[in-house]
Amino acid sequence: MSGATMVVLTGAATVTMESADLDHDFTLQEHQGQDGCTETLIGSDEKFNCTINFAPNGATRAAAINSAANSWPAMLTKVVLSGFAIAKYNTNYNYIGGATAKTTSSGIAIMGIKLRNYVPNNASLTANVITG
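Each number in the numbering used here corresponds to the 1-based position in the sequence shown with 119 added.
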């Protein structure tokens, strides 16, 4: 994860990455035969969920606070990740809510966003997103 940066993140060109978690998810259907034992498995709606924790950048404290204010994307915004040694991270995602900011007495310390990549429909869902 060393050196990883977010290429597109509303208002912040780069951030200092603290951690990133990636999990693989899909809908699993199990169908049983007459004997009650599972005979068929069907997987659908494959997706990757990614949680990024980062410190806002800025040459001064005020600049870092400004970066933090611009680091939460609008709902469903396309976010592009790149620079990760683990190639599965490097793709387009949608921001799905759940942004966090941890603050201390000296200011904003760590921020987080939750992203999702809908594998079968990634190209269409991360194109020109329609928000309501």
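Even glycine gets a Cβ: it sits at the ideal position worked out from N, Cα and C. Being a predicted model, the structure only gives us computed values, none of them experimental.
Check                                                                                                                                                : Outcome
Would the region 172-192 and the region 201-211 be scored as touching if the rule is three or more Cβ pairs under 8 angstroms?                       : no
Based on DSSP bridge pairs, tell me the residues matched to Leu195.                                                                                  : Beta-bridge pairing links Leu195 to no other residue.
Starting from Ala220, follow the beta strand (DSSP E) in both directions and report where the run begins and ends.                                   : 219-223
Given Thr222, which residues of its chain have a CB within under 8 angstroms of its CB, disregarding the five upstream and five downstream residues? : Ala228
Rounded C-beta distance between Ala139 and Thr170? I'm assuming under 8 angstroms.                                                                   : 7 angstroms
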